[in-house]
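According to our numbering, the stretch in the sequence shown is residues 162 to 233, in order.
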Amino acid sequence: METRLLHTLNEIKSFIKNETNNRWLDIKKVAQMTSVSQSTIRRAVQKGELKASHTTGKLLFRVEEIERWLNG
């Protein structure tokens, strides 16, 4: 019983982690989250240092990409 419960808890943790990393943020939220200016973020996108989606007409960023960019 304990093993099954631990397995279920680990699955839930994994799901929560994946859901957080797949979240999309706009440039304003990224600037707030990172304490980096919007123009610095735009420059990083232009240089190819930070991946962003342009499909909706505005820049959207995945949390995992922001973390990758910040960690170098």
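From the three backbone atoms N, C-alpha and C, an ideal C-beta is built for every residue, glycine too.
Non-local beta-carbon contacts of residue 184 in its own chain, meaning distances under 6 Å to residues more than five positions away in sequence, involve 224 in chain order. Residue 186 and residue 206 do not touch by the CB rule: their CB atoms are close to 13 Å apart, not below 8 Å. Rounded to whole angstroms, residue 195 and residue 215 show a C-alpha spacing of 20 Å. Inclusion of residue 212 and residue 228 in the CB contact set at 7 Å is not warranted, their separation being larger than that value.
Look at residue 184 here: in three-state DSSP terms it is coil, with no helix or strand label.
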